[in-house]
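So the sequence shown is numbered by UniProt numbering: it starts at 1 and just counts up by one.
The C-beta atom is built at its ideal place from N, Cα and C for all residues, glycine as well.
Encoded as structure tokens, the structure appears first; notes follow it.
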Amino acid sequence: MALRIGVDSGGTFTDVCLFDEETGKLDIWKVPSTPDDPSRGISNGVSEGLATVGSTAAHVAFLGHGTTVATNALIELKGVETGLITTDGFRDLLEIGRQKRPSLYDMNAEKPEILVSRDRRQEVPERLRSDGSTDRSLDEEKLRAAIHKLAGEDVKAIAVCFLYGFLNTAHERRVVEILREEMPDVFVSASHEVAPEFREYERMSTTVVNAYLGPVMQRYIDRLKLRLTELGVPVAPQLTQSNGGVIGFDMAAQLPVRTVLSGPSTGVVAAQAVGGMAGFDNIITFDVGGTSSDVALLQGGVCKLTGEANVHGYPIKAPMLDIHTVGAGGGSIAFVDSGGLLKVGPRSAGADPGPVCYGRGNTEATVTDANIVLQTLNPVEILGGRMKVRRDLAIEAVQRLADQLGLGLMETAQGIISVVTANMAKAIRLISVQRGHDPRDYALMAFGGAGPLHAARLAKELDMSRIIVPLTPGTLCALGLLLTDLRSDFAISRLMKVDQNAVEPMISGFETLEAQAEAWFGQEGIEPGRRVVNRTADMRYVGQNYELQVSVPAGTVGGDTLQALVKGFEQAHLQRFGFIAEGEAIQIVTLRLEAAGIVNKARFAPRPDAGPACDAAVIGSRQVYMDEAKDFLPCPVYAREKLKPGNRIDGPAVVEQMDTTTVILPDMQATVDPYLNLILETRA
1 MALRIGVDSG GTFTDVCLFD EETGKLDIWK VPSTPDDPSR GISNGVSEGL ATVGSTAAHV
61 AFLGHGTTVA TNALIELKGV ETGLITTDGF RDLLEIGRQK RPSLYDMNAE KPEILVSRDR
121 RQEVPERLRS DGSTDRSLDE EKLRAAIHKL AGEDVKAIAV CFLYGFLNTA HERRVVEILR
181 EEMPDVFVSA SHEVAPEFRE YERMSTTVVN AYLGPVMQRY IDRLKLRLTE LGVPVAPQLT
241 QSNGGVIGFD MAAQLPVRTV LSGPSTGVVA AQAVGGMAGF DNIITFDVGG TSSDVALLQG
301 GVCKLTGEAN VHGYPIKAPM LDIHTVGAGG GSIAFVDSGG LLKVGPRSAG ADPGPVCYGR
361 GNTEATVTDA NIVLQTLNPV EILGGRMKVR RDLAIEAVQR LADQLGLGLM ETAQGIISVV
421 TANMAKAIRL ISVQRGHDPR DYALMAFGGA GPLHAARLAK ELDMSRIIVP LTPGTLCALG
481 LLLTDLRSDF AISRLMKVDQ NAVEPMISGF ETLEAQAEAW FGQEGIEPGR RVVNRTADMR
541 YVGQNYELQV SVPAGTVGGD TLQALVKGFE QAHLQRFGFI AEGEAIQIVT LRLEAAGIVN
601 KARFAPRPDA GPACDAAVIG SRQVYMDEAK DFLPCPVYAR EKLKPGNRID GPAVVEQMDT
661 TTVILPDMQA TVDPYLNLIL ETRA
């Protein structure tokens, strides 16, 4: 027996997928997360999961996990005391930023807290020109004085970011050397290692966030290493990055900023694999957990990478899948605002105490409580009977809201669902309609613990006609860890017009990136036959402020390469903005290289068709409130594990499984495909 294990540590539950390489059998498991020490929840999940399949840690051939440690530390501002060393005259850049107001007309809008207070931002005399040449050498005497000041502030991490440090790394590298001498126990984050790209504010913000999170991630990794060693796991574990790939623990400890979307990214990777098997290339993913909903668009089976994102108010320049998050999950709290309107989220009940129906002391109604009241969720027990719930407490909580609103109980519960559905739809329109994509041309892939529960109503809101519910939707992010490769991304900024003069700088730029990739391949122990690289370029019209990513054809860079880049850029610009600016000069801004180490992955075989009849899968019936009828309707309840390929279910109906519940509306029909995915479609 050789087991591949994927673990996704979420805010509410820790999900475990176990895949037997010899038999092809897939098992899943869930345990409550342990926010005080996430490594304990992971250890518990792996231990219990192995016990359920009658195996031991000695049989583990691969262990990968996604984590929210970096994300939560950033959201909750639980990083470490951090210092900053920067070019003389630029210490306030971190606070000034771009002087953008995210909510232009909101007089009460609050800017995110600055992660490094002004007294811990030290300026050092040095200066590079815009071409990377030295205008003023680094003043090492004043540098050491600045370091001594930071040492007196008892900082645990220091960010180093000089103007144009991405073009000439000499000054930053010297600062790192001296910091190692003067403060050997401090975590050091240098911009040329973290984000070697132009845009000084975003580069500084990324470097600071990396420093702020570094010791937190290091402590977490050290604890997890110890727990897994005590379990007897014989392999080096891997951790998911925001780009969908995995890296070793040492690299993750150095670059925690690349893990801020660690959990959601593997869900997108799994969705890409499942969609490919099921024959769907164009997919919008819909991942709903306890706290948030994560959505992404896959065109042609691929989710695009973005080189920059705003994560909870902090600009981050790091390669990440283009995922948008909204505070709308099963634990999102419903409330009546000062204007008397019903609102849902972003505040969440989390894992502890959780929704009111958990009976752990919370009294504020959540989305889960509304579903319990409506009986779309099992009103007695969830997680396949492992967890009892109390509908009476959920009714009391929703009734309190109903009294405030002057509405009935069921009307209020359905109102909570309608409001959270509207929030979810807004997120999907942001990644589709606002970027030139019609959601009606895409299938909605629903996963996460609450995705299939809300998918039908969301699809109806967006006029989408097809929904895919994978076999293990509640643990799909964990499954994604068994379907992804080792991966790292490298970038170098080189501003140049797309003409013949760009050929040599492109060749030298990609040679630099390829050398970095080769060093990474060696560090990760990836065999030559399993090494893959892909090249892209960030491009724009001269004078534009933001770029579009375009694929660079394989082979030697030449005139044909430039023509392909221009064509690719114009197509991308037409898709995003609806026009091509004929005759305008086009500029390359940043060269990127994606390095992947191909690993053995979980593989699934299609099953034979068993016909449409599925009476054997019916395990009961219950009254479910359906907004279409404004009343309770009798709905058969099906056990997901008893459904077979070819089975057909007419709505209204409910499909239950350990990790989620799927609701099929009255005008819908669900069929089971050869890979045991549920395909929901609107009946003609």
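| said: Please report the distance separating the alpha-carbon of residue 626 from that of residue 453. | reply: A straight line joining the alpha-carbon of residue 626 with that of residue 453 spans about 13 Å.
| In its own chain, which residues sit with a C-beta less than 7 Å from the C-beta of residue 258, not counting the 5 before and 5 after it? | 241, 242 and 318
| message | My output table needs one value for residue 441: the three-state DSSP class, helix, strand or coil. | response | helix
| query | Straight-line CA distance for residue 631 to residue 374? | reply | 10 Å
| In three-state terms, what does DSSP make of residue 492? | Note: residue 492 maps to strand in three-state DSSP.
| DSSP three-state assignment for residue 540, whether helix, strand or coil | In the structure shown, residue 540 sits in a strand (DSSP, three-state: E or B).
| task | Could you give the DSSP three-state label for residue 718: helix, strand or coil? | result | Absent from the structure is residue 718, since the part of the chain shown begins at 1 and ends at 684.
| message | I need the straight-line Cα distance from residue 331 to residue 91, nearest angstrom please. | response | For residue 331 and residue 91, the distance between alpha carbons rounds to 40 Å.
| message | In this structure, how does DSSP classify residue 731 when only helix, strand and coil are distinguished? | response | Only positions 1 to 684 of the chain appear in the structure, and residue 731 is not among them; the question remains open.
| said: Taking the straight line between their C-alpha atoms, what separation do you get for residue 149 and residue 121? | reply: 10 Å
| At a cut of 8 Å, does the stretch 327-342 reach the stretch 497-515 through at least three beta carbon pairs? | They do not touch, by the three-pair rule.
| alpha helix (DSSP H) segments (min. 4 residues) lying fully within the stretch 571-620 | none
| query | Taking the Cβ atom as the reference point for each residue, do residue 443 and residue 455 lie within a distance shorter than 8 Å? | reply | no
| message | For residue 478 and residue 237, I'd like the C-alpha separation in whole angstroms. | response | 14 Å
| task | Tell me where the alpha helix (DSSP H) around residue 220 begins and ends. | result | 200-231
| query | Of the choices 83, 543, 494 and 601, whose alpha-carbon is the least far from that of residue 209? | reply | 83
| message | Within the continuous beta strand (DSSP E) that includes residue 66, where are the two ends? | response | 60-66
| request: Can you have a look at residue 378 and say buried or exposed, based on whether 16 or more other CB atoms are within 10 angstroms of its CB? | output: buried
| request: Identify every run of the beta strand (DSSP E) within the stretch 89-151, keeping only runs that are complete inside it and at least 3 residues long; order them along the chain. | output: 121-124 and 134-136
| Counting along the chain, where does the alpha helix (DSSP H) carrying residue 258 start and finish? | Neither: residue 258 is in no alpha helix (DSSP H) and is coded neither H nor E.
| said: Once the 5 residues before and after residue 698 are set aside, which same chain residues still bring their CB inside 7 Å of it? | reply: Because residue 698 is not part of the residues shown, which for the chain are 1 to 684, the question remains open.
| query | Going by Cα to Cα distance, which pick from 28, 400, 342 and 152 is closest to residue 418? | reply | 342
| task | Look at the alpha carbon of residue 487 and the alpha carbon of residue 321, and state the distance between them as a whole number of angstroms. | result | Approximately 13 Å, taken between the alpha carbons.
| So which of 164, 157 and 162 has the shortest CA-CA distance to residue 189? | 157
| Does the distance from the C-beta atom of residue 136 to that of residue 144 stay below 8 Å? | no
| message | With a threshold of 8 Å on Cβ separation, who are the neighbours of residue 70 within its own chain once the five nearest residues in sequence on each side are excluded? | response | So the qualifying residues of the chain are 213, 216, 217, 256, 257, 259, 260 and 262.
| said: Taking 8 Å as the cut-off, does the stretch 667-678 touch the stretch 598-608 (at least 3 CB pairs, one atom from each stretch)? | reply: yes
| Just checking my contact of residue 450 with residue 401 at CB under 8 Å: how many whole Å lie between their CB atoms? | Not quite, the Cβ-Cβ distance comes to about 19 Å (not below 8 Å), so this is no contact.
| message | Tell me the rounded alpha-carbon separation between residue 497 and residue 578. | response | 23 Å
| task | Would you check if the distance between the CB atom of residue 420 and the CB atom of residue 502 is smaller than 8 Å? | result | no
| message | Tell me whether residue 5, by its Cβ, gets closer than 7 Å to a heavy atom of the ligand NAP. | response | Absence of the ligand NAP from the depicted structure is noted, as is the absence of any ligand whatsoever, leaving it without description.
| field | Where the alpha helix (DSSP H) containing residue 371 begins and where it ends | value | 367-374
| said: Just to confirm my understanding: we take residue 644, look at its own chain, exclude 5 residues before and 5 after, and list those with CB closer than 6 Å. What are they? | reply: 610
| message | For residue 398, tell me which candidate among 386, 414 and 384 has the shortest Cα-Cα distance. | response | Minimum Cα-Cα distance from residue 398 among the listed residues 386, 414 and 384 corresponds to 414.
| message | For residue 513, count the other beta carbons within 10 Å of its own beta carbon; 16 or more makes it buried, fewer makes it exposed. Which is it? | response | Classification of residue 513: buried, given that the 10 Å Cβ count is 16 or more.
| Is the beta carbon of residue 539 less than 8 Å from the beta carbon of residue 569? | yes
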